[in-house]
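K.L.:
One structure is given below, represented as structure tokens, and several questions about it will come after.
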DNA sequence: CTGTTAGCGCCTTCAG
DNA sequence: CTGAAGGCGCTAACAG
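Right under this line is the structure:
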């Protein structure tokens, strides 16, 4: 009969089992120092009494917790959801719970979150990206808590890092396009302030086209991703007219919007215009025309990050910084080979 | 100079400020009983020392926490992300942090999560849907913690409920289609075991078409949502051939996949086939042809649920159960009026 | 307005 | 293998 008053505590179980508190504690935590007979007995009684250990008490006593704090820009979209899925799966099976917050891309919100989070003595902290409030790094290093920065690659992580190198990704795409004979590249992204990943990809794209061509850039601020891609494409077509033969978009949704804009204008894809997306989202698997895009290893990134963090928590050596490769996923929106081959 | 050893505790601050530990406690919590002068002084010193209250200790002392436990089926898709956004925004500004878990639609996973969650003395627990492991309800009621069941409407909530009535939603759609002159409805969903919401919507659809027509149902188990919709449509076209004039899909993604299948087969939308999605997702604004769909008030649902829960936490009366209405959002994939009008 | 006294439930020592 | 004592950092409840 479970009592409806206060929940059972370790003392109640000890009493019911006729042993000391410590025996119960050891039995439940599965550590040695209890005979198997007694352990089984205690466990059975505990279960019967509906005993649940009080995590706050445990946390206070051992001065840390099984909570992993995670900071995400947003829950929207597959990108962070996939990363999160990879991380959570790994942490979950290791017995950690996730305390999650979204910052909506505001570093002050992230800072506030980190402060609050730290009050829970988390086993680890995970931040998205590498752009943080200056105090965040300091607080985190000071707290001596394992930290993982995911999504963007950096050589100077707060602690651990697993991400993709957006510059390399841009260059990778650029090299691919150069090899296919494209000579007049464009890039369409979101407004500058919003996301520095775009800058890195543009720089990479420029590096690949260095000495060959310059890169036209549009960063319209419109409604949703489709509209932005659509509008950006129109903008580029208007200002650079026939000067553009391929456009690299910030993401697949925008690329799709851009493709629609071409269609509306009678610009043929891929004959007159190449379209390249980014991320390799599910959406792509059913579009009437398969987009050429860049697959990002989101789930793997989450898993790798969580594993390294787990190693770090257990005091095992883990690579400080790992850059995961992206992969070009050729579709029907770029040509398959150079024009004159 | 922040120490790099142990973090400052309330006692350190008290000492540095030359007051008692209780004065610091009161000053920091912003409760009365301290002169404004002292409060300001203490606060400034605390900030200087980088003092962060230990939540575990507080939680242990007051026997509850500012943690809200949330159980979601999955992070994938906008649906739960939107609900979550609404809830989190509300809880966030009330000073609560979210501990989130995803169950992947497994009630055993949910049960295990609830157990672990309860060990943190959460201020509230939020579950998705109304289908739980029997012990979950018991444990939750026993723990006397405020509980919110969100997304599905129910008349018999564990504690509080805010959701939509899927039967009514199905009937609503059915009525709409009947009025538009459709006479051979189909429904495409996911495998039965996965989601009982589909059953409710089908029942509603059937109720609307009662005495008019029967409803053909396909529940293919394929890859992603797009593929499932695509495959389901092909299945229905093959088996019921020209017998179908409109299909209600489980969600917008599937509807889009279905639309693509029609296009590939030369079945014209909406002339030969009506397509209706569900949820009113952003995707829709990205599509070349706007889907007719059913808008679900996801964010509002989250906000309403969180508000009611907050009221409940503060001991204020809150409606046990609220059903939010859905709204048909006419697009270009169903005809605008009956054929002979 | 300010301080003192007891715990909150569990775990780390250290004895038996 | 088992148990007794003390404390983790904080906050109610009571004094002054």
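Residue numbers (the working numbering), protein chains in the order written: chain G, 24 to 364; chain S, 24 to 364.
Beta carbons are placed, not taken as given, at the ideal position from N, Cα and C, and that holds for glycine.
Going along the chain, which residues of the segment 133-145 of chain S sit with their C-beta nearer than 7 Å to a C-beta in chain G?
P.N.:
138, 139, 141, 142, 143, 144
K.L.:
Use the C-beta contact count for residue 167 of chain S: other C-beta atoms within 10 angstroms, 16 or more gives buried, fewer gives exposed.
P.N.:
Numbered from 1 along the second chain, position 144 holds the residue referred to as residue 167 of chain S. Per the 10 Å Cβ criterion, exposed.
K.L.:
Using beta carbons (cut-off 9 Å, strictly below), is residue 123 of chain G in contact with chain S?
P.N.:
As a first step, residue 123 of chain G is located in the first chain; it is residue number 100 there, counting from the start. Yes, contact with chain S.
K.L.:
Within a Cβ cutoff of 8 Å, which residues of the same chain sit near residue 86 of chain S, ignoring the five residues on either side of it in sequence?
P.N.:
Residue numbering aside, residue 86 of chain S sits at position 63 when the second chain is read from its first letter. Closer than 8 Å at the Cβ level, and outside the excluded window around residue 86 of chain S, lie 144.
K.L.:
When burial is assigned at 16 or more other CB atoms within 10 Å of the CB, is residue 298 of chain S buried or exposed?
P.N.:
Sequence index remark: in the second chain, residue 298 of chain S carries index 275 (1-based). Residue 298 of chain S should be labelled buried.
K.L.:
So the beta strand (DSSP E) residue 348 of chain G belongs to, where does it begin and stop?
P.N.:
For this step, residue 348 of chain G is matched to residue 325 along the first chain. No beta strand (DSSP E) holds residue 348 of chain G; DSSP gives it neither H nor E.
K.L.:
Indicate the three-state DSSP secondary structure (helix, strand or coil) for residue 151 of chain G in the structure shown.
P.N.:
Within the first chain, the letter at position 128 stands for residue 151 of chain G. Correct three-state label for residue 151 of chain G: strand.
K.L.:
Express the C-alpha separation of residue 344 of chain G and residue 30 of chain S in angstroms, rounding to a whole number.
P.N.:
Translated into positions along the second chain, residue 30 of chain S becomes position 7. Translated into positions along the first chain, residue 344 of chain G becomes position 321. Taking the straight line from one Cα to the other gives about 28 Å.
K.L.:
In terms of alpha-carbon separation, which member of G:311, G:248, G:103 lies closest to residue 281 of chain G?
P.N.:
For the purposes of this step, residue 281 of chain G is taken as the residue at position 258 of the first chain. Comparing Cα-Cα distances from residue 281 of chain G to each of G:311, G:248, G:103, the minimum goes to G:248.
K.L.:
Indicate the three-state DSSP secondary structure (helix, strand or coil) for residue 274 of chain S in the structure shown.
P.N.:
Position 251 of the second chain, counting from 1, holds the residue named residue 274 of chain S. Coil, per DSSP.
K.L.:
Can you tell which of S:70, S:329, S:278, S:81 has its C-alpha closest to the C-alpha of residue 39 of chain S?
P.N.:
Position 16 of the second chain, counted from the first residue, corresponds to residue 39 of chain S. When only C-alpha atoms are compared, the closest one is S:70.
K.L.:
Compare the Cα-Cα distances from residue 90 of chain G to each of G:111, G:317, G:35, G:191 and report the closest residue.
P.N.:
Reading the first chain from its first residue, position 67 is the one you call residue 90 of chain G. The shortest Cα separation from residue 90 of chain G among G:111, G:317, G:35, G:191 belongs to G:111.
K.L.:
Alpha carbon to alpha carbon, how far is residue 213 of chain G from residue 335 of chain G?
P.N.:
Here residue 213 of chain G is taken as the residue at index 190 of the first chain, counted from 1. Here residue 335 of chain G is taken as the residue at index 312 of the first chain, counted from 1. Taking the straight line joining both Cα atoms gives about 36 Å.
K.L.:
Starting from the beta carbon of residue 116 of chain G, find every residue of chain S whose beta carbon is closer than 7 Å, and list them in chain order.
P.N.:
Numbered from its first residue, the first chain carries residue 116 of chain G at position 93. Ordered by position in chain S, no residue passes the 7 Å Cβ test against residue 116 of chain G, which lies about 11 Å from the chain.
K.L.:
Rank S:183, S:94, S:53, S:301 by C-alpha distance to the C-alpha of residue 210 of chain S and give the top, closest one.
P.N.:
Sequence index remark: in the second chain, residue 210 of chain S carries index 187 (1-based). Looking at the Cα atoms, S:301 is the closest of the given residues.
K.L.:
Consider the Cβ of residue 184 of chain S: report whether some Cβ of chain G lies at a distance smaller than 9 Å.
P.N.:
Counting from one through the second chain, the residue named residue 184 of chain S turns up at place 161. Contacts with chain G at 9 Å (Cβ-Cβ) do not include residue 184 of chain S.
K.L.:
Let's test the definition: count the other Cβ atoms within 10 Å of the Cβ of residue 189 of chain S and tell me whether it reaches 16, buried, or not, exposed.
P.N.:
Reading the second chain from its first residue, position 166 is the one you call residue 189 of chain S. Residue 189 of chain S is buried by the Cβ-count criterion.
K.L.:
For the segment 309-324 of chain S and the segment 102-111 of chain S, state whether three or more C-beta atom pairs, one from each stretch, are separated by less than 8 Å.
P.N.:
yes
K.L.:
Could you name the residues of the same chain whose beta carbon sits closer than 7 Å to that of residue 121 of chain S, not counting the 5 residues immediately before and after it, in chain order?
P.N.:
Residue 121 of chain S sits at position 98 when you count from the first residue of the second chain. Same-chain partners within the cutoff: 91, 93, 111, 114.
K.L.:
Name the one or two DSSP bridge partners that residue 124 of chain G has.
P.N.:
Here residue 124 of chain G refers to the residue found at position 101 of the first chain. Per DSSP, G:94.
K.L.:
Here's a check: name, in chain order, each residue in its chain whose Cβ is nearer than 6 Å to the Cβ of residue 124 of chain S, leaving out the five neighbours to either side.
P.N.:
Locating residue 124 of chain S in the second chain gives position 101, counting from the first residue. For residue 124 of chain S, where only same-chain residues beyond five positions count, the Cβ hits under 6 Å are 94, 136.
K.L.:
With distance defined between alpha-carbon atoms, name the residue in G:82, G:116, G:252, G:141 nearest to residue 326 of chain G.
P.N.:
Here the question's residue 326 of chain G lines up with position 303 in the first chain. Residue G:116 is the option with its Cα nearest to residue 326 of chain G.
K.L.:
Under 9 Å, Cβ to Cβ, is there at least one residue of chain S near residue 261 of chain G?
P.N.:
On the first chain, position 238 is the one that residue 261 of chain G refers to. No, residue 261 of chain G does not count as interfacial toward chain S.
K.L.:
Taking only three categories from DSSP, how would you classify residue 249 of chain G?
P.N.:
Working through the first chain from its first residue, we reach residue 249 of chain G at position 226. Residue state, collapsed to three classes: helix.
K.L.:
Suppose you measure from the CA of residue 288 of chain S to the CA of residue 230 of chain S; what does that come to, to the nearest Å?
P.N.:
Counting from 1 along the second chain, the entry for residue 288 of chain S is found at position 265. Counting from 1 along the second chain, the entry for residue 230 of chain S is found at position 207. Spanning the two alpha carbons is a distance of roughly 30 Å.
K.L.:
Assign residue 293 of chain G to one of two classes, buried (16 or more other C-beta atoms within 10 Å of its C-beta) or exposed (fewer than that).
P.N.:
In the first chain, the residue the question calls residue 293 of chain G occupies position 270. Flag for residue 293 of chain G reads buried.
K.L.:
Would you kindly work out how many angstroms separate the C-alpha atoms of residue 271 of chain S and residue 278 of chain S, rounded to a whole number?
P.N.:
To locate residue 271 of chain S, count along the second chain from 1; it is residue 248. To locate residue 278 of chain S, count along the second chain from 1; it is residue 255. So the two alpha carbons sit approximately 8 Å from each other.
K.L.:
Under 8 Å between beta-carbons, which chain G residues line up against residue 60 of chain S? List them in chain order, please.
P.N.:
Here residue 60 of chain S is taken as the residue at index 37 of the second chain, counted from 1. Result: empty, since nearest Cβ-Cβ is about 25 Å, beyond 8 Å.
K.L.:
Where in the segment 255-328 of chain G do unbroken runs of the beta strand (DSSP E), each at least 3 residues long, occur, reported from the N-terminal end onward?
P.N.:
Inside the segment 255-328 of chain G, DSSP marks whole beta strand (DSSP E) runs of 3 or more residues at positions 269-272, 297-299, 316-318, from first to last along the chain.
K.L.:
Please specify which runs of the beta strand (DSSP E), each continuous and at least 3 residues long, are wholly inside the segment 193-219 of chain G, giving them in chain order.
P.N.:
208-211
K.L.:
Taking the alpha-carbon positions, what's the residue 169 of chain S to residue 131 of chain S distance?
P.N.:
As a working note, residue 169 of chain S is residue 146 in the second chain. As a working note, residue 131 of chain S is residue 108 in the second chain. Going from the Cα of residue 169 of chain S to the Cα of residue 131 of chain S covers about 21 Å.
K.L.:
Nearest CA to the CA of residue 186 of chain G: which residue from G:153, G:218, G:199?
P.N.:
Your numbering for residue 186 of chain G matches position 163 in the first chain. The shortest Cα separation from residue 186 of chain G among G:153, G:218, G:199 belongs to G:153.
K.L.:
For a contact meaning CB atoms closer than 9 Å, what does residue 111 of chain G contact in chain S?
P.N.:
Sequence index remark: in the first chain, residue 111 of chain G carries index 88 (1-based). Per Cβ cutoff of 9 Å: 98, 123, 124, 125.
K.L.:
Taking only beta-carbon positions, decide if residue 180 of chain S is within less than 9 Å of chain G.
P.N.:
The count along the second chain starts at 1 and reaches residue 180 of chain S at position 157. Chain G, which has no Cβ nearer than 9 Å to the Cβ of residue 180 of chain S, makes this no.
K.L.:
For residue 232 of chain S, would you say it is in contact with chain G, using Cβ-to-Cβ distances shorter than 9 Å as the test?
P.N.:
Within the second chain, the letter at position 209 stands for residue 232 of chain S. Output row for residue 232 of chain S: interface = no.
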